[in-house]
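The C-terminal residue of the sequence shown carries number 433 in our numbering, and the numbering is unbroken. Glycine included, every Cβ here is placed at the ideal spot set by N, Cα and C.
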Amino acid sequence: MSITRRSFFVVSGSALALGSCFRRNLRLSPNETLRVAHVGVGGMGSADLAQVASAPNVRIVALCDVDTNRLDVAAAKHEGTKTFRDYRVMLDRMHRDIDAVVVSTPDHMHGPIAISAMELGKHIYCQKPIAHNLRECRRMTELASDRGLVTQMGTQIHAHEAYRTAVATLRTGVLGKVHEAHLWVSKSWSRKDGRPDRNDPVPSYLDWDLWLGVAPYRDYVEGIYHPAQWRGWKDFGCGTLGDMGCHIFDPVFTALGLGAPRSVVSRGPEHFEETFAPDSDITYEFEGTDRTTDTLTFRWTDGASKPDRARAQLPDGVDLPGAGSFLVGEHGVMVIPHWAMPKFYRNGEPWHVELEERGPVNHYHEWTEACRSVGETSTPFSYSGPLTEAVLAGTVAGRFRDRQLHWDSQDATFDYAPATELVHRQYRDGWAI
Numbered sequence: 001m002s003i004t005r006r007s008f009f010v011v012s013g014s015a016l017a018l019g020s021c022f023r024r025n026l027r028l029s030p031n032e033t034l035r036v037a038h039v040g041v042g043g044m045g046s047a048d049l050a051q052v053a054s055a056p057n058v059r060i061v062a063l064c065d066v067d068t069n070r071l072d073v074a075a076a077k078h079e080g081t082k083t084f085r086d087y088r089v090m091l092d093r094m095h096r097d098i099d100a101v102v103v104s105t106p107d108h109m110h111g112p113i114a115i116s117a118m119e120l121g122k123h124i125y126c127q128k129p130i131a132h133n134l135r136e137c138r139r140m141t142e143l144a145s146d147r148g149l150v151t152q153m154g155t156q157i158h159a160h161e162a163y164r165t166a167v168a169t170l171r172t173g174v175l176g177k178v179h180e181a182h183l184w185v186s187k188s189w190s191r192k193d194g195r196p197d198r199n200d201p202v203p204s205y206l207d208w209d210l211w212l213g214v215a216p217y218r219d220y221v222e223g224i225y226h227p228a229q230w231r232g233w234k235d236f237g238c239g240t241l242g243d244m245g246c247h248i249f250d251p252v253f254t255a256l257g258l259g260a261p262r263s264v265v266s267r268g269p270e271h272f273e274e275t276f277a278p279d280s281d282i283t284y285e286f287e288g289t290d291r292t293t294d295t296l297t298f299r300w301t302d303g304a305s306k307p308d309r310a311r312a313q314l315p316d317g318v319d320l321p322g323a324g325s326f327l328v329g330e331h332g333v334m335v336i337p338h339w340a341m342p343k344f345y346r347n348g349e350p351w352h353v354e355l356e357e358r359g360p361v362n363h364y365h366e367w368t369e370a371c372r373s374v375g376e377t378s379t380p381f382s383y384s385g386p387l388t389e390a391v392l393a394g395t396v397a398g399r400f401r402d403r404q405l406h407w408d409s410q411d412a413t414f415d416y417a418p419a420t421e422l423v424h425r426q427y428r429d430g431w432a433i
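Here it is as structure tokens:
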């Protein structure tokens, strides 16, 4: 059976029509088995698959990947599971037999796959960032709310004991009013060399057209895009900020209750035509909350760009970790390393603070349980959608060095027309969503 846009969207349209007339509870009962399909089963997708499959009362019913080498490896571990290369074919054929979908593909396909599944009433676990552009992100947040779907963004560190402890401790008010947040990672996904002027034969195991998906066509080049080299390309990834921002923004957003940024400006290098700049330096201003001053200054750096160590009030001989954040408050500074317990300093000295210790939870099982009406997820799209929008606003600002962009969250527009053009993307013919 071949799929056409018409056949696929007839199914989607029917599901939407039913949903608008009969908004029912799409969660299963605790005694039912959750039927899950996975799109993208290599790399991080293989870890996602293993974790979801380990949850109680879960059955993996479909696997989908454009790379048959990866698909075959996954299928061998889940005998009898149906396999597909095209997620549209999977949804067309199996939508009645799927309750939930895990999306673990390159960034540019997160939104198209998740939106297609959500329109069919499927619960979603989607790797970070949940979308490649702001419009897709907003649509996913709205669909989750409108359809009553269980959603979770794949920021597994949200469930780690170090991040949970940092959030709980910060919420005690130990810092007083927070007025600055500095966030960073030392790595960089930038590519300075641009698109190669050659092309290579597409391997027999890879469907290159399906890998490109919604992105404009370009020739395949070995080792440049697939596997795992796509993050630095604007058509496919969201750069270092898009890759790591959802992780490192997370404890700060959660603890301080942040919403949409008021403005964002890039002070880093100019972007390249097709790839992200190295060494980002992005400053946001957020409206204050009850845990911050009236305005919160929030600075992101990556690669060779570094946070201002002096602002962290560190003792001599103490360095900042390679990735993480520090928050400056009325009473001192809290350093939140990526994957390690928080530390506190003030006036150049260590500061002893009793931690509000929290244990870890299983981020994946939290989602599968919520799909079966047991508890709630901790990074639903109602939370992770706005967080991702803040990250993506920074990726937009990175293209307009030294221009402060004011973000109108309600209308989803910037005060600069070229920036607003980047709120959405142009979809390749036959791939519009």
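Option in D250, D316, P307, H424 with minimal Cα separation from W339: D250
Quick one: what's got a C-beta closer than 7 Å to C126's C-beta in the same chain, skipping five residues either side? V103, H110, A114, M153, G154
Unbroken alpha helix (DSSP H) run spanning F249, endpoints: 239-256
Helix, strand or coil for K77? Go by DSSP, reduced to three states. helix
Going by DSSP in three states, T297 sits in which element: helix, strand or coil? strand
Burial state of G237, where buried means 16 or more other Cβ atoms lie within 10 Å: buried
Just to confirm before moving on: does the CB-CB distance between L206 and D67 stay below 8 Å? yes
Length-filtered (4 minimum) alpha helix (DSSP H) runs lying within the segment 127-166: 134-147
Minimum C-alpha distance to F286 - residue among L120, E142, A390, D65: A390
Exposure of D65, with buried meaning 16 or more beta-carbon neighbours within 10 Å: buried
Round the Cβ separation of P324 and I336 to the nearest angstrom and send it over; I've been treating them as touching at under 8 Å. Rather than Pro, the amino acid found at residue 324 in this sequence is Gly. The Cβ separation is near 5 Å, so the contact holds.
In whole angstroms, what is the alpha-carbon distance linking A393 and F414? 9 Å
DSSP has D408 in a bridge; who is on the other side? T413
Contact between the segment 411-429 and the segment 288-308 is defined here as three or more beta-carbon pairs at a separation below 8 Å; is this criterion met? no
Report the residue ranges of all alpha helix (DSSP H) runs contained in full by the segment 154-230; include only those spanning at least 4 residues, in chain order. 161-170, 208-212
Looking only at C-alpha atoms, which of S384, C246, V396, H406 sits nearest to T141? S384
When you compare each of A312, S280, L327 to A304 by their alpha carbons, which one comes out closest? S280
Contact the segment 174-182 vs the segment 193-210: 3+ CB pairs below 8 Å: no
Alpha carbon of A47 to alpha carbon of G245, nearest angstrom: 20 Å
So what's V41 in DSSP terms, helix, strand or just coil? coil
Going by other Cβ atoms of all chains shown within 10 Å of its Cβ, with 16 needed for buried, is V318 buried or exposed? exposed
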